[in-house]
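There are 2 protein chains.
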Amino acid sequence: MSPPERIRAAGLRRTPARIAVFGRLLANGRPYTHAELLADPELAGLDHVTLYRTLAALVDAELIHRVFGIDGVWRYGVQPAGGPGCPGNHVHFLCRSCGGMRCLYDSPMPRVPLPESTEVEGRHFLVYGRCAACVRAGEATA
Amino acid sequence: MSPPERIRAAGLRRTPARIAVFGRLLANGRPYTHAELLADPELAGLDHVTLYRTLAALVDAELIHRVFGIDGVWRYGVQPAGGPGCPGNHVHFLCRSCGGMRCLYDSPMPRVPLPESTEVEGRHFLVYGRCAACVRAGEATA
DNA sequence: CTTTACATGCAGGTGACTTTCAGATAGCCG
DNA sequence: CGGCTATCTGAAAGTCACCTGCATGTAAAG
Numbered sequence: 001m002s003p004p005e006r007i008r009a010a011g012l013r014r015t016p017a018r019i020a021v022f023g024r025l026l027a028n029g030r031p032y033t034h035a036e037l038l039a040d041p042e043l044a045g046l047d048h049v050t051l052y053r054t055l056a057a058l059v060d061a062e063l064i065h066r067v068f069g070i071d072g073v074w075r076y077g078v079q080p081a082g083g084p085g086c087p088g089n090h091v092h093f094l095c096r097s098c099g100g101m102r103c104l105y106d107s108p109m110p111r112v113p114l115p116e117s118t119e120v121e122g123r124h125f126l127v128y129g130r131c132a133a134c135v136r137a138g139e140a141t142a
Numbered sequence: 001m002s003p004p005e006r007i008r009a010a011g012l013r014r015t016p017a018r019i020a021v022f023g024r025l026l027a028n029g030r031p032y033t034h035a036e037l038l039a040d041p042e043l044a045g046l047d048h049v050t051l052y053r054t055l056a057a058l059v060d061a062e063l064i065h066r067v068f069g070i071d072g073v074w075r076y077g078v079q080p081a082g083g084p085g086c087p088g089n090h091v092h093f094l095c096r097s098c099g100g101m102r103c104l105y106d107s108p109m110p111r112v113p114l115p116e117s118t119e120v121e122g123r124h125f126l127v128y129g130r131c132a133a134c135v136r137a138g139e140a141t142a
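Taken in order, these protein sequences are the chains called A and B.
Going by my numbering, the first residue of the first sequence is number 1, and it counts up by one from there.
Going by my numbering, the first residue of the second sequence is number 1, and it counts up by one from there.
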């Protein structure tokens with residue numbers, strides 16, 4: 001199913017903004033911030049408020065998921081194939097050097113015992129440090 | 001060792017602001033936000049920038065730790081007794097109804113396999129939902 | 001008590017995100 | 001194909017957490 005078809009199947013209007021943003025996220029391979037998407041040449045001219053709302057609509061429709069970085073900025077990435085709708089079903093890694101985030105699809109979210117009658121809505125598990133590329137770049141210049 | 005002594009032992013000057021803030025965090029029993037601390041009657045009159053810097057100094061000295069909420073706000077809490085300096089050695093719970101955060105000292109941070117030569121600086125594991133008190137309050141009014 | 005490195009308070013600024021509202025448009029129906 | 005309506009878009013302006021620069025104040029060492 002093509003990106004526009006998936007948008008329509010999720011109950012959303014297939015507007016140019018949504019098709020373009022969803023297409024970029026599909027092509028990226030890793031979660032992107034609002035600012036990274038705005039700077040993307042293929043999304044040039046897109047209003048920043050429209051981008052916020054587009055991302056929110058895609059998250060609501062469960063076409064993408066979002067993860068919080070410890071820098072206070074949300075990242076948006078495509079859902080893993082066949083992944084559950086539950087927010088945060090896998091761990092994420094954030095490089096504090098380049099700011100890039102990676103989905104660790106192979107690391108499912110661990111379960112945690114909680115006090116009686118607590119209601120769990122979701123989990124955020126973020127590992128941060130320096131990615132392999134930045135480590136190598138740092139060694140090269142050091 | 002009293003709070004002022006612990007501040008001095010950590011290599012910090014024992015100023016009124018640091019003694020008061022560290023004392024409040026010790027008494028609170030759960031992590032507090034910058035805003036919650038500013039609103040605390042015992043910290044009345046404290047400048048908000050000074051509070052930011054005081055918290056940063058206490059974090060650097062490893063007297064307290066800080067955790068990011070999915071609402072984009074840092075919470076500051078005392079270190080668990082004898083806890084390691086490594087940032088984030090236990091899981092946290094955030095109530096999205098009352099905004100309160102709890103340290104789950106009994107849930108150590110799970111280990112996650114990462115790609116070759118990645119450097120890990122720390123981990124943030126946040127479970128969010130509604131705490132037992134808010135669940136009961138909601139049922140009472142519903 | 002004097003010195004000085006460090007802490008404080010204030011003014012002002014940054015950046016992510018939201019709200020409001022007028023104008024545009026996707027998709028439905030005939 | 002053409003009109004209607006709910007919904008989306010874009011621009012201006014606002015909110016909130018947090019940071020920087022600089023002059024003043026103070027803890028602690030000698």
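All residues carry an ideal CB built from backbone N, CA and C; glycine is no exception.
Just so we're clear, the structure is a prediction, and the values are computed from it rather than from any experiment.
Unbroken alpha helix (DSSP H) run spanning residue i, endpoints
i             : result
residue 49(A) : 48 to 60
residue 37(B) : 34 to 38
residue 3(A)  : 3 to 9
Residue i, enclosing beta strand (DSSP E) - first and last residue
i              : result
residue 78(A)  : 74 to 78
residue 67(A)  : 64 to 68
residue 123(B) : 119 to 130
residue 24(A)  : It is not in any beta strand (DSSP E) - residue 24(A) instead sits in the alpha helix (DSSP H) that spans 16 to 28.
residue 43(A)  : Residue 43(A) -> no beta strand (DSSP E), and no H or E assigned at all.
residue 106(B) : 101 to 108
residue 91(A)  : 90 to 95
Nearest-angstrom Cβ-Cβ length linking residue i and residue j, presumed shorter than 8 angstroms
i              : j              : result
residue 14(B)  : residue 4(B)   : 4 angstroms
residue 101(A) : residue 92(A)  : 6 angstroms
residue 174(A) : residue 76(A)  : This structure does not reach residue 174(A), given that chain A is present from 1 up to 142, and the question cannot be answered.
residue 58(A)  : residue 96(A)  : Not quite, the Cβ-Cβ distance comes to about 27 angstroms (not below 8 angstroms), so this is no contact.
residue 70(A)  : residue 94(A)  : 7 angstroms
residue 125(B) : residue 22(A)  : Between residue 22(A) and residue 125(B) the Cβ distance is about 29 angstroms, and since that is not below 8 angstroms, they are no contact.
residue 121(B) : residue 135(A) : Incorrect: roughly 12 angstroms between the Cβ atoms, too far for contact.
residue 11(B)  : residue 72(A)  : That belief does not hold up - the Cβ atoms of residue 11(B) and residue 72(A) are roughly 28 angstroms apart, past 8 angstroms.
Residue environment, residue i, which counts as buried when at least 16 other CB atoms sit within 10 Å
i              : result
residue 98(B)  : exposed
residue 50(B)  : exposed
residue 111(A) : exposed
residue 85(A)  : Any reading at residue 85(A) needs caution, since the residue's pLDDT is 46, under 50, leaving its predicted position unreliable; the model's value is listed next. Answer is exposed; the Cβ neighbour count stays below 16.
residue 48(A)  : exposed
residue 36(B)  : buried
residue 160(B) : The requested residue 160(B) is not part of the displayed model; chain B covers only 1 to 142.
residue 9(A)   : exposed
residue 20(A)  : buried
residue 123(A) : buried
residue 27(B)  : exposed
Exercise for the section: Spell out a yes or no on whether the stretch 41 to 59 of chain B and the stretch 130 to 141 of chain A are touching, meaning 3 or more CB-CB pairs, one atom from each, closer than 8 angstroms. Expected result: no
Problem - Residues of the stretch 14 to 47 of chain B with Cβ closer than 9 angstroms to any Cβ of chain A, in chain order - result: none
Problem - Residues, ordered as in the chain, of the stretch 112 to 134 of chain B that lie near chain A by beta-carbon distance below 9 angstroms - result: Listed by position, the residues of the stretch 112 to 134 of chain B near chain A (Cβ gap below 9 angstroms) are 112, 113, 114, 115, 116, 117, 118, 119, 120, 121, 122, 123, 124, 125, 126, 127, 128, 129, 130, 131, 132 and 134.
Practice task
Taking only beta carbons into account, state which residues of the stretch 58 to 76 of chain B come closer than 7 angstroms to chain A, listed in chain order.
Solution key: 68, 70 and 72
Handout entry: Contact the stretch 24 to 36 of chain A vs the stretch 63 to 78 of chain A: 3+ CB pairs below 8 angstroms
Key = Verdict: yes, contact present.
Exercise for the section: Decide yes or no for the touch test of the stretch 129 to 136 of chain A against the stretch 124 to 131 of chain B: beta carbon pairs closer than 8 angstroms, at least 3 of them. Expected result: no
Handout entry: Selection of the stretch 89 to 100 of chain B by Cβ proximity to chain A, strictly under 7 angstroms
Key = 91, 93 and 96
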